[in-house]
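K.L.:
Supplied in structure tokens, the structure appears directly below.
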Amino acid sequence: MEPFISKLLIFSWKDLVEVAFFVSAFYYFSTWLSKDKSKNLVLWFYGYSSLLILTHFTKLTNVNQFLIAAFPAAIMLFFMLHQRELQKNFVTFQNIKPKFKNLDWIDIILRAAVTAMDNNKQFLCLIEGKDSLKGFINTSLRADSELNESLIDVLIKSPLFSQEKIVWVSNGKLLAINAEWDLESKKVWVAEKSKLEEWKQNGILFSSKTDAIIFKAYPGKRCFDIIAKGKISECVTVNNGLSIINQYVRKNYSQIYKKEYENKSSKVKQANS
Amino acid sequence: MKTNLVKLNRPILKVSSLIFGYLFWLIIAQNQHISISKEIPLFYYGLSKNLKADNAPEHISAIISGKRIDLTNFNSSENSSHVDISNIEATGSYNIDVQKENIFLHNQFKLIDYWPSSLSIQIDQRSNT
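Line order of the protein sequences matches chains C and Y. Heads up: the first sequence begins at 41 in our numbering, then just goes up one per residue. Heads up: the second sequence begins at 1018 in our numbering, then just goes up one per residue.
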């Protein structure tokens, strides 16, 4: 046993302690990196480490020294890219410019909210803008489908639909239902003594950090509470709700809406002539 | 964005951490100078042909300093000690001093300490058979 250990260049218990230190550091860092579900950070880290080790044993001295010198910066980069760190700083990815198939998707979602109220259900909806909220939301029921009334009617009337959870919509698409916020630091900022409901606190937080809009429909009151840019508009009627939401959404995608509007107008003119 | 995430479960992480952790340590420690204790073979020379040394120690212990990677390849044939006992002409028990100059090591190594510095050997008549 001892000759074998000596062949590994380990001569004393102190060497074993040192090896254990490096192995533990590597293991805990890899485990933390593996918690990022959106990127393959572990593989990148293993790739970098493999390159460093390979250049050492193949005596590519210059490359090896460069990789060693850049190692602290690489570790910092992994820290910065890690989803949890991005979450804590509310750094979001940007959605690719969408192509709307149906410009009336806001009408559809508001009609769905009315349908929910008619069925005596609350309807909590998150409208994502340019800032992607992937990583901040957990859901077990993904849809990833173009918004249409039939689909959303079926989902709302389904026994699986939870009125306490979020209907997640983005750029004319229904992304998911029964979604929940996924925040490590959630408990830090939710004020314990605040009278505001939790969904409103989350809504104010996310709408102030991103361009998301959150609204909730109450069957009893037959009105909406809408949160955008950190501000709450309480008990808004359907018509006013439509104009408020339209105002914010069109601001985000003004170029797309302008182009689509021009296309529509020219088609109408051609049809008339 | 869509990514094909490779599922890395805990056993794989543990095994790969063991390998990478050890290799990282190896890179740093390979050329490190350390001191270890080694057994060095001891040879006697110059004894008269009609005499023999009985139960004489065959090794001495020494603390040797060198690069870790060189110490792994420590070879007894290249590193040894030789003691001159040509001044012994009769049978009996003798105390022999081992000097630093008696110990010969490869250039890669440096002698830090050794023991014993004095040996007791029994010299007997060699039987003519």
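For glycine and all other residues, C-beta sits at the position ideal for the given N, C-alpha and C.
(1) Please confirm whether C/Gly-281 and C/Leu-150 have their CB atoms less than 8 Å apart.
(2) Hey, how far is the Cα of Y/Leu-1022 from the Cα of C/Asn-80?
(3) For the segment 1036 to 1050 of chain Y, list every residue whose C-beta sits within 8 Å of some C-beta in chain C, in sequence order.
(4) Between C/Lys-269 and C/Ser-247, is the Cβ-Cβ spacing less than 8 Å?
(5) Could you confirm whether any beta carbon from chain Y is found closer than 8 Å to the beta carbon of C/Val-228?
(6) Which first and last residues belong to the alpha helix (DSSP H) in which C/Gln-241 is found?
(7) Grouping DSSP H, G and I as helix and E and B as strand, with all else coil, what is Y/Ile-1029?
(8) Buried or exposed, going by whether 16 or more other CB atoms sit within 10 Å of the CB of C/Ala-115?
(9) Between which residues of its own chain and Y/Leu-1136 is the CB-CB distance below 6 Å, once the five residues before and five after are set aside?
(10) In the structure shown, what three-state DSSP assignment does C/Arg-182 receive?
(11) If you drop the 5 nearest sequence neighbours on each side, which residues of the same chain put their C-beta closer than 6 Å to that of Y/Thr-1108?
(12) Would a check of beta-carbon distances place Y/Lys-1031 closer than 8 Å to chain C?
(13) Compare the C-beta of C/Phe-163 against all C-beta atoms of chain Y and say whether one is closer than 8 Å.
(14) So with Cβ pairs under 8 Å, would you call Y/Ile-1078 a contact of chain C?
(15) What residues from the segment 1053 to 1064 of chain Y come within 8 Å of chain C, judged by C-beta to C-beta, listed N to C?
(16) How big is the Cα-Cα spacing for C/Ile-177 and C/Val-82?
(17) Could you list the residues in the segment 1082 to 1101 of chain Y with a C-beta less than 8 Å from some C-beta on chain C, going in chain order?
(18) Could you tell me if Y/Trp-1132 is buried or exposed, where buried requires 16 or more neighbouring beta carbons within 10 angstroms of its beta carbon?
(19) Which word fits C/Ser-89, buried or exposed, when buried means at least 16 other C-beta atoms lie within 10 angstroms of its C-beta?
(20) Quick check: the segment 205 to 221 of chain C against the segment 171 to 186 of chain C, are there 3 or more CB pairs under 8 Å?
(21) Mapping DSSP to helix, strand and coil, what is C/Asp-158?
(22) Considering just the uninterrupted stretch of the beta strand (DSSP E) at C/Glu-189, what are its terminal residues?
(23) Counting only Cβ-Cβ distances shorter than 8 Å, please list the residues of the segment 1121 to 1142 of chain Y near chain C, keeping chain order.
(24) Looking only at DSSP bridge pairs, what is C/Lys-269 linked to?
(25) Taking 8 Å as the threshold (beta carbon to beta carbon), is C/His-96 in contact with chain Y?
(26) Assuming Y/Val-1100 and Y/Tyr-1039 make a contact with CB atoms under 8 Å, what is their CB distance in whole Å?
(27) Drop a sphere of 10 angstroms on the beta-carbon of Y/Trp-1042, count the other beta-carbons inside from all chains shown, and report buried for 16 or more, exposed for fewer.
(28) Using a beta-carbon distance below 8 Å, is Y/Ser-1034 in contact with chain C?
(29) With distances taken from CA atoms, which of Y/Ile-1077, Y/Lys-1069, Y/Arg-1085, Y/Ile-1102 is nearest Y/Asn-1096?
(30) Compare the beta carbon distance of Y/Ser-1170 and Y/Ile-1080 with 8 Å and say whether it is the shorter of the two.
(31) State the DSSP-derived secondary structure class of C/Val-228, mapped to helix, strand or coil.
(32) Since I believe C/Thr-155 is in contact with C/Ile-196 (beta carbons under 8 Å), could you give me their beta-carbon distance rounded to a whole number of angstroms?
(33) Starting from the C-beta of C/Ser-64, find all residues in its chain whose C-beta is less than 7 Å away, skip the five residues before and the five after it, and write them out in chain order.
(34) Would you say C/Ile-267 and C/Val-276 are within 8 Å of each other, going by their C-beta atoms?
(35) Since C/Ser-46 meets chain A, which of its residues come closer than 7 Å, beta carbon to beta carbon?
(36) Indicate the three-state DSSP secondary structure (helix, strand or coil) for C/Lys-261 in the structure shown.
P.N.:
Checking against the coordinates, here is how it stands:
(1) yes
(2) Confidence at Y/Leu-1022 is low in this model, with a pLDDT of 46, below 50, so its placement is unreliable and no value can be given for it.
(3) Phe-1037, Gly-1038, Tyr-1039, Leu-1040, Phe-1041, Trp-1042, Leu-1043, Ile-1044, Ala-1046, Gln-1047
(4) yes
(5) With a pLDDT of 47 at C/Val-228, under the threshold of 50, the modelled position of this residue cannot be trusted, and the question is left open.
(6) 238 to 249
(7) helix
(8) With the sequence shown as reference, residue 115 of chain C is identified as Ile, and Ala is not the correct amino acid for it. With fewer than 16 Cβ atoms within 10 Å of its Cβ, C/Ile-115 is classed as exposed.
(9) Pro-1074, Ile-1113
(10) strand
(11) Ile-1140, Asp-1141, Gln-1142
(12) yes
(13) no
(14) Residue 1078 of chain Y is actually Ser in this sequence, not Ile. So, not an interface residue.
(15) Ile-1053
(16) 22 Å
(17) Arg-1085, Ile-1086, Leu-1088, Thr-1089
(18) exposed
(19) buried
(20) yes
(21) helix
(22) Here C/Glu-189 belongs to no beta strand (DSSP E); instead the alpha helix (DSSP H) covers 189 to 197.
(23) none
(24) Answer is none; C/Lys-269 lacks a bridge partner.
(25) yes
(26) Their Cβ separation, rounded to whole angstroms, is 41 Å, which puts Y/Val-1100 and Y/Tyr-1039 out of contact at 8 Å.
(27) buried
(28) yes
(29) Y/Ile-1077
(30) An answer regarding residue 1170 of chain Y cannot be provided, because it is not within the stretch 1018 to 1146 covered by chain Y.
(31) Confidence at C/Val-228 is low in this model, with a pLDDT of 47, below 50, so its placement is unreliable and no value can be given for it.
(32) 6 Å
(33) none
(34) no
(35) No chain A appears in the structure shown, which is made up of the protein chains C and Y.
(36) coil
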